[in-house]
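Structure, as structure tokens:
Numbering (my numbering), first residue to last: 1464 to 1861.
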């Protein structure tokens, strides 16, 4: 699920590409026409969202710059694993794989400098609306100063395979982890946050009540119901670890008594689990959002990449795909699946279930780094994070 630390390098590349394009306008725009307003009107007929309009223009301009380098792109662009991606220009893939009629019939007949002027104007609009996620908004849950937000963290837990939990003392257990730098097929770049922290587990989840626990069903996809009960443990209070061994009290570890409801990814992607004993929750009962609308401010709590608990905010909801799914620009990663998403009234909006590509290895590099999204796109690795609305799973709660 894809997001990322802020990168000055990416900004330099972005503006450099605009300069290159501007310098090439005379030869690229020969015989082309179109006005600022006509381009904007054409885009508006197909989308009301500034980020989608930006996406279309950005890809068209990049294609004009890169058309002679397609063969080079295909030599360097390749999937390395489910979570590590080498990318040079995703706009090329978009143009070749799913070309839109209005791009070919209209935008290709517009001067490049006109497209650039419209693009710059839309970027200003986008910045004002803050529909971007180009800096890392994760932080330690211990750094949260809002007491109501901090109290929600007691509901959040890490999902761990039982085989990775061993006895440490009569009252404590050790959880097998790796330092974040050593996770995945490639080492993590030294520029990444939380390098020395221990990472483990297979997902996140949230307590709906003292005995009911909710997570994304795909976190358990390799296990049948019997195996879930035998092989999965729920670990609360997995936060504050910076380096070294992870030792937790046995009272923090919960077995699963039964599976109340389990729905696969295509029809919902959630699992409601009944725990063996009550979780000592304090504070008010969990509240559910009565209204879920675009531009609502939201935050999430969970375990990105299996790291100790993090909170991420400064995000909004946008582009509700259906009554059961809504998108957001939350800085979420693999491992955040099942993480609860709350609005500014600390009401549960839903849980994270999927997102874009998290980490990439640049051509010529030997380490993986966070994918930086400087804009929301209508497709691809920067199209936002999918949140499963509580309207899907709430009716199934006993």
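Here a beta-carbon is modelled for each residue, glycine too, at the ideal position from N, C-alpha and C. Please read all numbers here as calculations on a predicted model, not as lab measurements.
- About 13 Å separates the beta carbon of residue 1810 from that of residue 1763, a gap too long to meet the 8 Å contact definition.
- By the criterion of a C-beta distance shorter than 8 Å, residue 1787 is surrounded in its chain by 1731, 1851, 1852, 1854 and 1855, once the five residues flanking it on both sides are discounted.
- At a Cβ-Cβ threshold of 8 Å, residue 1828 and residue 1815 do not count as neighbours.
- Here residue 1806 is actually not in contact with residue 1776; their C-beta atoms are around 11 Å apart, not less than 8 Å.
- Cβ neighbours of residue 1666 within its own chain (closer than 7 Å, five residues either side excluded): 1622, 1678, 1679, 1682, 1798, 1800 and 1801.
- Proximity to residue 1778 across 1624, 1826, 1791 and 1767 peaks at 1791, based on C-alpha coordinates.
- Straight across, the Cα-Cα distance linking residue 1570 with residue 1834 is about 29 Å.
- Fewer than three Cβ pairs drawn from the segment 1742 to 1751 and the segment 1574 to 1583 lie within less than 8 Å of each other, which leaves the two stretches out of contact.
- The C-beta separation of residue 1710 from residue 1695 comes to about 20 Å, leaving the pair out of contact by the 8 Å criterion.
- Looking at the DSSP output, residue 1699 bridges to 1620.
- Of the candidates 1858, 1745, 1832 and 1754, the residue whose Cα lies closest to the Cα of residue 1615 is 1745.
- Counted as a single uninterrupted DSSP element, the stretch harbouring residue 1692 is not any beta strand (DSSP E) but the alpha helix (DSSP H) occupying residues 1688 to 1694.
- Exposure of residue 1705 is indicated by the presence of fewer than 16 other C-beta atoms within 10 angstroms of its C-beta.
- Residue 1605 is a Cβ neighbour of residue 1703, given a cutoff of 8 Å.
- As the crow flies, the alpha-carbon of residue 1585 is around 19 Å from that of residue 1780.
- Rounded to whole angstroms, the Cβ separation of residue 1620 and residue 1698 is 6 Å, and the two are in contact under 8 Å.
- The Cβ atoms of residue 1658 and residue 1735 do not sit closer than 8 Å to each other.
- The three-state reading of DSSP puts residue 1817 in strand, counting E and B together.
- The Cβ atoms of residue 1761 and residue 1723 lie no closer than 8 Å to each other.
- When DSSP states are grouped into helix, strand and coil, residue 1856 belongs to the helix group.
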